[in-house]
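Asks: One structure, pasted below without further comment.
2 protein chains.
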Amino acid sequence: SIPPATVSRLPLYLRVLGEMPKAHAMISSEQLANVAGANSAQVRKDLSYLGSYGVRGVGYDTVQLRTQIEMALGLSADLVVAIIGAGNLGSALANYKGFNDWGFSVGALFDVDAAKVGSQIDGLAVQPMSRLEDLVASAGVMIGVIATPAGAAQEVADRLVSAGVTSILNFAPTVLRVPEEVQVRRVDLSTELQILSFHLHSGRRS
Amino acid sequence: SIPPATVSRLPLYLRVLGEMPKAHAMISSEQLANVAGANSAQVRKDLSYLGSYGVRGVGYDTVQLRTQIEMALGLSADLVVAIIGAGNLGSALANYKGFNDWGFSVGALFDVDAAKVGSQIDGLAVQPMSRLEDLVASAGVMIGVIATPAGAAQEVADRLVSAGVTSILNFAPTVLRVPEEVQVRRVDLSTELQILSFHLHSGRRS
Ligand SMILES: NC(=O)c1ccc[n+]([C@@H]2O[C@H](COP(=O)([O-])OP(=O)(O)OC[C@H]3O[C@@H](n4cnc5c(N)ncnc54)[C@H](O)[C@@H]3O)[C@@H](O)[C@H]2O)c1
Ligand SMILES: NC(=O)c1ccc[n+]([C@@H]2O[C@H](COP(=O)([O-])OP(=O)(O)OC[C@H]3O[C@@H](n4cnc5c(N)ncnc54)[C@H](O)[C@@H]3O)[C@@H](O)[C@H]2O)c1
């Protein structure tokens with residue numbers, strides 16, 4: 001099984017491979033490491049978990065490596081995402097064209113605010129929360145994205161989980177409690193800014 | 207000096223302390239661990255780097271601990287942020303009231319699109335990129351937030367760095383090359399979704 005740190009680096013290698021010119025048939029672990037901001041021994045170790053071993057002095061076949069990473073990440077199938085909370089952030093996410101680049105598509109948008117329900121964002125109508133369970137089923141939603149205020153996030157997570165969703169991307173600044181088999185990734189803007197502030201502050205001190 | 211993994215957990219402890227009712231004078235490492243999704247030995251170790259040792263059986267003073275973490279993260283002073291790229295994501299960030307909760311304020315907004323320059327977002331006018339250097343200086347910008355397309359991100363980072371900004375939060379899906387003394391944090395939506403996809407895919411297999 002692949003260690004979590006390796007899993008979090010695979011998307012970066014995939015992006016680097018996607019940015020290579022088509023004519024670039026081979027890539028070395030040094031080149032991958034250089035662009036991905038990792039070290040080449042770590043790259044070789046990471047790729048070995050996919051059963052991918054480069055040829056010494058020649059490197060890895062870019063097309064084959066890309067397919068192997070896509071398979072490992074399960075990107076070969078289309079993954080449907082639901083966004084809960086059609087406010088500032090939720091609507092920016094719904095408008096985001098980048099989803100499709102990696103096989104993700106927004107299948108449904110939800111909000112509790114009656115004034116937002118029925119409005120269209122990038123061709124998709126905002127639905128009331130009362131329809132969450134049946135739309136998650138009918139649209140085949142695999143991932144729930146939470147873009148509600150922090151106070152509503154837990155209740156939204158509970159509904160997603162009871163509707164059968166086992167993957168959650170949470171933008172609300174709160175720690176969610178979910179059953180063991182549910183995966184949650186957090187994106188917390190204030191945490192990122194506070195970590196930057198720490199380095200500004202300790203840099204000044206040193 | 208405080209290890210990076212500890213630094214990345216401090217904002218979480220701070221959020222937990224902020225959510226405690228005022229009457230809650232003491233908090234144990236178990237309580238902090240429980241809400242922050244960490245383990246209590248890790249919490250005690252993390253807090254020891256701040257010179258904070260709880261009293262066995264009693265715990266930590268919540269007010270004192272909060273002040274110690276804020277000091278360590280350098281949150282006592284107001285930190286000014288500039289957002290580059292006033293599109294979907296940039297304008298959602300500019301409208302985000304959560305910045306102020308932690309002492310961050312948006313001091314300037316920039317865009318290359320002449321049609322956006324001069325428009326107001328949450329009371330702040332979008333400025334042309336030609337004014338980046340003088341506004342970074344006059345507004346005292348400490349952190350640059352990049353919300354431009356990936357293709358423009360490196361050039362924007364270079365301008366921020368040459369204007370004296372040493373902290374960057376990058377939302378564009380590309381790896382930035384910056385001098386050693388510049389801190390960059392990445393928030394990459396597609397990486398988060400791909401990691402969720404990995405678990406969906408490997409969960410199905412097991
Ligand atoms: N805007 C940003 O740039 C930004 C950045 C980082 C984090 N966040 C976080 O993302 C979340 C959303 O932020 P925002 O700026 O979009 O806020 P917002 O107020 O603009 O939008 C929140 C939306 O959620 C809806 N909502 C509230 N309760 C709900 C519920 N129970 N079920 C479904 N929908 C519900 C509201 O009606 C509203 O439309 C917040 O938790 C915020 O802290 C936002
Ligand atoms: N919208 C989202 O939800 C979302 C989510 C994750 C990541 N991102 C990433 O964030 C970035 C912005 O996404 P978006 O959806 O807001 O795109 P957008 O096209 O709506 O906005 C981009 C803005 O950047 C401006 N711009 C372009 N080149 C510039 C330059 N050299 N200097 C200054 N401004 C410049 C454009 O004029 C535009 O206003 C992209 O890199 C995207 O991949 C967006």
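Each protein sequence line maps, in turn, to chains A and B.
Heads up, the first sequence is in my numbering, so the first residue is 1 and it goes up one at a time.
Heads up, the second sequence is in my numbering, so the first residue is 207 and it goes up one at a time.
Note that beta-carbon positions come from the ideal geometry of N, C-alpha and C, so glycine has one too.
#1: How big is the Cα-Cα spacing for residue 231 of chain B and residue 287 of chain B?
#2: Roughly how many angstroms separate the alpha carbons of residue 188 of chain A and residue 248 of chain B, rounded to a whole number?
#3: In three-state DSSP terms, what is residue 206 of chain A?
#4: According to DSSP, is residue 171 of chain A part of a helix, a strand, or is it coil?
#5: What does the alpha-carbon distance come out to for the pair residue 278 of chain B and residue 246 of chain B?
#6: Give me the residue from A:140, A:4, A:154 with the minimum Cα distance to residue 146 of chain A.
#7: Is residue 103 of chain A close to ligand 1? I mean its beta-carbon at under 6 Å from any heavy atom of the ligand.
#8: Is the distance from the Cβ of residue 369 of chain B to the Cβ of residue 354 of chain B below 7 Å?
#9: Counting contacts by CB-CB distance shorter than 7 Å, is residue 92 of chain A in contact with chain B?
#10: Which residues does DSSP pair with residue 314 of chain B in a beta bridge?
#11: Starting from the beta carbon of residue 142 of chain A, find every residue of chain B whose beta carbon is closer than 7 Å, and list them in chain order.
#12: Comparing the CB of residue 49 of chain A with every heavy atom of ligand 3, is any distance shorter than 6 Å?
#13: Decide if residue 116 of chain A is buried, meaning its Cβ has at least 16 other Cβ atoms within 10 Å, or exposed.
#14: How many angstroms separate the CA atom of residue 331 of chain B from the CA atom of residue 324 of chain B?
#15: Which two residues bound the contiguous alpha helix (DSSP H) that contains residue 143 of chain A?
#16: Using DSSP's beta-bridge definition, name the partner residues of residue 335 of chain B.
#17: If you draw a straight line from the C-alpha of residue 4 of chain A to the C-alpha of residue 199 of chain A, how long is it?
#18: Nearest-angstrom Cα distance between residue 54 of chain A and residue 30 of chain A?
#19: For residue 213 of chain B and residue 175 of chain A, which I take to be in contact (beta-carbon distance under 8 Å), what is that distance rounded to the nearest angstrom?
#20: Please decide whether residue 397 of chain B counts as near chain A, where near means a Cβ-Cβ distance under 7 Å.
#21: Using 10 angstroms around the beta-carbon of residue 317 of chain B, count the other beta-carbons present and answer buried if the total reaches 16, otherwise exposed.
#22: Helix, strand or coil: how does DSSP classify residue 392 of chain B here?
#23: Does residue 261 of chain B come out as helix, strand or coil in the three-state DSSP assignment?
#24: Looking only at DSSP bridge pairs, what is residue 267 of chain B linked to?
#25: List, in chain order, every chain A residue whose beta-carbon is nearer than 7 Å to that of residue 391 of chain B.
#26: Can you pull the DSSP bridge partners for residue 120 of chain A?
#27: So, is residue 136 of chain A buried or exposed, given that buried needs 16 or more other C-beta atoms within 10 angstroms?
#28: The alpha helix (DSSP H) that contains residue 5 of chain A, what's its start and end?
#29: Around the Cβ of residue 114 of chain A, are there at least 16 other Cβ atoms within 10 angstroms (buried) or fewer (exposed)?
#30: On the criterion of 16 or more Cβ atoms from any shown chain inside 10 Å, does residue 120 of chain A qualify as buried, or is it exposed?
#31: Measure the C-alpha to C-alpha separation of residue 76 of chain A and residue 66 of chain A and round it to an integer number of angstroms.
#32: According to the neighbour-count rule (16 or more other Cβ atoms, all chains shown, within 10 Å of its Cβ), is residue 127 of chain A buried or exposed?
#33: Are residue 106 of chain A and residue 92 of chain A touching if we call contact CB-CB under 7 Å?
#34: Just verifying my parser: in three-state terms, what is the DSSP assignment at residue 97 of chain A?
Replies: Here's the rundown:
#1: 33 Å
#2: 21 Å
#3: Note on residue 206 of chain A: pLDDT 40, under 50, position unreliable in the model; the coordinate value appears next. Residue state, collapsed to three classes: coil.
#4: Coil.
#5: 20 Å
#6: Here the closest residue by C-alpha is A:154.
#7: no
#8: No, these two residues do not count as a Cβ contact at 7 Å.
#9: yes
#10: B:288
#11: Those are 406, listed as they occur along chain B.
#12: No copy of ligand 3 appears in this structure; the ligands present are ligand 1 and ligand 2.
#13: buried
#14: 5 Å
#15: First-last for residue 143 of chain A: 141-146, but that is the beta strand (DSSP E), not the alpha helix (DSSP H).
#16: BP columns for residue 335 of chain B are empty, so no partner.
#17: Spanning the alpha carbons of residue 4 of chain A and residue 199 of chain A requires a straight line of approximately 25 Å.
#18: So the alpha carbons of these two residues sit roughly 11 Å apart.
#19: No, residue 213 of chain B and residue 175 of chain A are not in contact; Cβ-Cβ is about 18 Å, not under 8 Å.
#20: By this cut-off, residue 397 of chain B is an interface position.
#21: The residue is buried, with at least 16 neighbouring Cβ atoms inside 10 Å.
#22: Looking at residue 392 of chain B - three-state DSSP - the assignment turns out to be strand.
#23: strand
#24: Answer by DSSP bridge pairing, in chain order: B:232.
#25: 192, 195, 196
#26: For residue 120 of chain A, which the question treats as bridged, DSSP gives the partners A:125.
#27: buried
#28: 4-19
#29: exposed
#30: It counts as exposed.
#31: 11 Å
#32: buried
#33: no
#34: In this structure, residue 97 of chain A counts as coil in the three-state DSSP scheme.
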